[in-house]
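Q:
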Amino acid sequence: MIIYDPKIAILLIAFNRSNIKQVFDRIKEVKPRRLYIAVDGSTNDTQCKICKETTSIVSHIDWECQVFKLYQGKNQGYDKHCFHSISWFFEQEPEGIILEDDCVPSLSFFGFCTTLLKKFRNDERIGHISGSNYQFGKNRGDGTYYYSNLTHVSGWAGWRRVWQEHCLNEIFNQLNYLSNLPSHAPFQYRWNRLFNIANHSNAVCMSKLKN
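FYI, the numbering for the sequence shown is 1 to 211, going by the numbering used here.
(1) Roughly how far, in whole angstroms, is the beta-carbon of Ala-157 from the beta-carbon of Leu-117, given that I think they are within contact range, below 8 Å?
(2) Would Asp-101 be called buried (16 or more neighbouring beta carbons within 10 Å of its own) or exposed?
(3) Am I right that Tyr-36 and Phe-89 are in contact with their C-beta atoms under 8 Å? What's the rounded C-beta distance?
(4) Pop quiz: Thr-144 and Tyr-4 are said to be a contact at Cβ under 8 Å. What is the actual Cβ separation, rounded to whole angstroms?
(5) Just to confirm my understanding: we take Ala-38, look at its own chain, exclude 5 residues before and 5 after, and list those with CB closer than 6 Å. What are they?
(6) Determine the contact status of His-60 and Phe-24, defining contact as a CB-CB distance below 9 Å.
(7) Quick one: is Ile-197 buried, meaning 16 or more other Cβ sit within 10 Å of its Cβ, or exposed?
(8) If contacts are defined as beta-carbon pairs under 8 Å, then Arg-34 and Gln-66 qualify, I think. What distance do you get, rounded to the angstrom?
(9) Assign Phe-110 to buried or exposed, taking buried as 16 or more other Cβ atoms, counted over all protein chains shown, within 10 Å of its Cβ.
(10) If you count every other CB in all the chains shown that lies within 10 Å of the CB of Glu-91, and 16 or more means buried, which is it?
(11) Tell me whether Thr-43 is buried or exposed, calling it buried when 16 or more other Cβ atoms sit within 10 Å of its Cβ.
(12) For Asn-149, which of Asn-122, Phe-187, His-166, Asn-19 has the nearest alpha-carbon?
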C-alpha cells in the first residue's frame, strides 16, 4: 500500500470557485506538515465573497501544520496566477504536490505522488507526475502507471529542478521547442497550432525551456 508522507508540502491554488471546501477537506484527511495557499484577487462583489470564504479555510486547520499564504490584492487571471503561485511554492520547496480548487483528488493520489516523487527525484528524464489518467480504462502493459510526452495538470506533483526551467510566452516563442521533441509531425502540428492560438488570444503559455 502506498502511503502519503506528510513531510511533502502541498500547494492549493485558489480562484473564485465555491467547491474549494471539498478539496480542503481531502487535504485535511492527509494532514500535510506544510500547506501553501495561493488565492487570486477578485474582479467583482460575488467573487470577493468567495475569495473571503477561501481565505477563511485557514481557520479550519486543526492539525500541526505550517501555513504559508499568498493572497493577491488584484485579480491576476488564471494563467498568471498559476504560474506565479507555483514559482512561489518552488522557491520554498524542492518538491511537492499542486492542487487547484476545482480538483478533488482521491486519497490514493497523495501516496502515488509520494512514491514517485522519491523514486524519480534525481531522474532528469521525468519532469512531472500527474494524477490524471486519460487511457479511459485501457491497460497498456502490466504497469501501474505510464509515461507520456504530455503533462496533465489536474492534480500533479513535481520538483523545483524542473519548474525552474519553465518560461512564459516571451521566451517560449523564440524557441523551436516542439521540433526537438521525439514525436511525429501531426503531434507537432497540433500543438504548434494550439500554442499559436493561445499566444494570439493573450493567454499565457508555460513550458519547459529544454526537453
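Heads up, the beta-carbon is just placed ideally off N, CA and C, and yes, glycines get one too.
A: On the basis of the coordinates in this document:
(1) 5 Å
(2) buried
(3) 5 Å
(4) So it is not a contact: roughly 17 Å between Cβ atoms.
(5) Ile-13, Leu-70, Ser-85
(6) It is a contact, given that the beta carbons lie within the stated cut-off.
(7) exposed
(8) 5 Å
(9) buried
(10) exposed
(11) exposed
(12) Nearest to Asn-149 by alpha-carbon distance, out of Asn-122, Phe-187, His-166, Asn-19, is Phe-187.
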